[in-house]
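Q: After the structure tokens below, expect a handful of questions from me.
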Amino acid sequence: MITAGLITGASSGIGLELAKIHASKGENIILVARRKELLEQLQKEISEQYSVKVIVFAIDLAEVDAAKRVYEFTKSQGIFVDYLFNNAGFGTHGKFNSFPVEKHMEMVQLNIKVLVELSYYYLKDMEENNSGKILNTSSTAGFLPSPYFANYFATKAYVNSFSQSLSYELRFTKITVTALCPGPVKTEFAKVAGLEDSKMFSKGADAYSTALKGYNGMMRGKRIVISSFWLTITIKFILPFVPTSMLLKFVGKDKTI
Ligand SMILES: NC(=O)c1ccc[n+]([C@@H]2O[C@H](COP(=O)([O-])OP(=O)(O)OC[C@H]3O[C@@H](n4cnc5c(N)ncnc54)[C@H](OP(=O)(O)O)[C@@H]3O)[C@@H](O)[C@H]2O)c1
30 MITAGLITGA
40 SSGIGLELAK
50 IHASKGENII
60 LVARRKELLE
70 QLQKEISEQY
80 SVKVIVFAID
90 LAEVDAAKRV
100 YEFTKSQGIF
110 VDYLFNNAGF
120 GTHGKFNSFP
130 VEKHMEMVQL
140 NIKVLVELSY
150 YYLKDMEENN
160 SGKILNTSST
170 AGFLPSPYFA
180 NYFATKAYVN
190 SFSQSLSYEL
200 RFTKITVTAL
210 CPGPVKTEFA
220 KVAGLEDSKM
230 FSKGADAYST
240 ALKGYNGMMR
250 GKRIVISSFW
260 LTITIKFILP
270 FVPTSMLLKF
280 VGKDKTI
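Its first residue numbered 30, the sequence shown is counted upward by one per residue in the working numbering.
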């Protein structure tokens, strides 16, 4: 049996950097996303740099049976996934009803359902071995509501809640669960969300430093990793005192951000 870290959404952004960081520690990795050519490019790059096994599994995780297929693939290869990086996700920006319902359901499927299902399968194996780590790429979006991002922010609230509860349930084991909560990061996320001209994202953090903070937090077994000092202050010490009506007005004030 070989051990490997499995990274969803490894073809770009934070997931790609997580894959590189994990491989740089001498760990085998399984790269999961839809764009096979990008995954194979990354596989080649990492294999040339580090002597680790890099496996590509291209799949559309928005398909209902996708998580099970990923799990069955790793089982069939005799792989014990000791690190699970639930990272794939996307958001849409605009009025809730301006998108087809299928788009919202796809977001719930990817940001929540796949994450829960993969955690379920791999946690069973981790519990049998009493070892393993899960890093869920959540968001600071999970700490507040946001008009025009209603579904996306809600999916991340789920991930924050789920990750913290699971982490507590596992406190007497050697398994840890961490939620990485970044603010805006310069990745393909903004383009996918229809916000390519947004200053908030173009001035955002870089994917490597964000991934590294999450990775280090996971290694230390932290429950929540907020990616910057000022965001931590805002979320922990300011947000709880802002009335919701004021918060909604402020966050939703400009649809184009
Ligand atoms: N960028 C930000 O400002 C920001 C802030 C906070 C949290 N986050 C979170 O960070 C995570 C990573 O996003 P990112 O910023 O790195 O954006 P990104 O560059 O757009 O990366 C998203 C990744 O998810 C994969 N993905 C999307 N839909 C998929 C599907 N149906 N099946 C399989 N894979 C799929 C993409 O690969 P393919 O297209 O090849 O499938 C890509 O590898 C997300 O969960 C996001 O919510 C981002």
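Glycine residues also receive a C-beta, built at the ideal position from the N, C-alpha and C atoms. Everything numeric in this text was worked out from a predicted model, so none of it was measured.
Could you tell me if the beta carbon of PHE218 falls within a distance shorter than 8 Å of some heavy atom in ligand 1?
A: Within the sequence shown, residue 218 is the residue found at index 189, counting from 1. For ligand 1, at least one heavy atom lies less than 8 Å from the Cβ of PHE218.
Q: For ILE88 and ARG63, I'd like the C-alpha separation in whole angstroms.
A: Translated into the one-based positions of the sequence shown, residue 88 becomes position 59. Translated into the one-based positions of the sequence shown, residue 63 becomes position 34. Straight-line Cα distance between these residues: approximately 5 Å.
Q: Starting from the C-beta of GLU146, find all residues in its chain whose C-beta is less than 6 Å away, skip the five residues before and the five after it, and write them out in chain order.
A: Looking up residue 146 in the sequence shown gives position 117. Once the five neighbours on either side are set aside, the close Cβ partners of GLU146 are ALA96.
Q: Assuming GLU56 and ALA240 are in contact, meaning their beta carbons sit under 8 Å apart, how far apart are those beta carbons, in whole angstroms?
A: In the sequence shown, residue 56 corresponds to position 27, counting from 1. In the sequence shown, residue 240 corresponds to position 211, counting from 1. No, GLU56 and ALA240 are not in contact; Cβ-Cβ is about 14 Å, not under 8 Å.
Q: For ILE286 and LYS104, what's the separation of their Cα atoms in angstroms?
A: Against the sequence shown, residue 286 aligns to sequence position 257. Against the sequence shown, residue 104 aligns to sequence position 75. Note that ILE286 scores 47 on pLDDT, short of 50, meaning its location in the model is unreliable and no value can be drawn from it.
Q: Under the rule that 16 or more other beta-carbon atoms within 10 Å means buried, what is GLY107, buried or exposed?
A: Counted from its first residue, the sequence shown places residue 107 at position 78. Exposed, by the Cβ-count rule.
Q: TYR187 by DSSP, collapsed to three states: which one?
A: The residue given as residue 187 occupies position 158 in the sequence shown. DSSP places TYR187 in helix when its eight states are reduced to three.
Q: When every heavy atom of ligand 1 is checked, does at least one fall within less than 8 Å of the C-beta of PHE230?
A: Walking along the sequence shown from the start, residue 230 turns up at place 201. Yes - ligand 1 has a heavy atom lying nearer than 8 Å to the Cβ of PHE230.
Q: Between VAL221, LEU90 and LEU113, which lies nearest to HIS51 when the distance is taken from Cα to Cα?
A: In the sequence shown, residue 51 corresponds to position 22, counting from 1. HIS51 has its Cα closest to that of LEU113, out of VAL221, LEU90 and LEU113.
Q: Taking only runs of the beta strand (DSSP E) that begin and end inside the stretch 147-220, which ones reach a length of at least 3 residues, in chain order?
A: 161-166 and 204-210
Q: For the beta strand (DSSP E) containing PHE230, list its first residue and its last residue.
A: In the sequence shown, counting from the first residue as 1, residue 230 sits at position 201. Boundaries around PHE230 are those of the alpha helix (DSSP H), 228-231, since no beta strand (DSSP E) includes it.
Q: With distances taken Cα to Cα, identify the nearest neighbour of ALA33 among ALA170, THR216 and LYS82.
A: Counted from its first residue, the sequence shown places residue 33 at position 4. Cα-wise, what sits closest to ALA33 is LYS82.
Q: What distance in whole Å lies between the Cβ atoms of LYS185 and SER167, which are believed to be in contact at a cut-off of 8 Å?
A: As a position in the sequence shown, residue 167 is number 138, starting the count at 1. As a position in the sequence shown, residue 185 is number 156, starting the count at 1. Rounded, the Cβ-Cβ distance is 5 Å, consistent with contact.
Q: Is the number of C-beta pairs between the stretch 233-249 and the stretch 271-278 that are closer than 8 Å three or more?
A: no
Q: Three-state secondary structure (DSSP) at ASN140?
A: Counting from 1 along the sequence shown, the entry for residue 140 is found at position 111. DSSP places ASN140 in helix when its eight states are reduced to three.
Q: Could you tell me which uninterrupted alpha helix (DSSP H) segments, each at least 4 residues in length, are contained entirely in the stretch 84-115, listed from first to last along the chain?
A: 95-105
Q: List the residues that DSSP assigns as beta-bridge partners of VAL61.
A: Indexing the sequence shown from 1 puts residue 61 at position 32. Paired residue(s): THR37 and PHE86.
Q: Give the secondary structure of THR32 by DSSP, where H, G and I count as helix, E and B as strand, and everything else as coil.
A: Residue 32 sits at position 3 when you count from the first residue of the sequence shown. Residue state, collapsed to three classes: strand.
Q: The beta strand (DSSP E) with VAL81 in it runs from where to where?
A: By 1-based counting over the sequence shown, the position of residue 81 is 52. No beta strand (DSSP E) holds VAL81; DSSP gives it neither H nor E.
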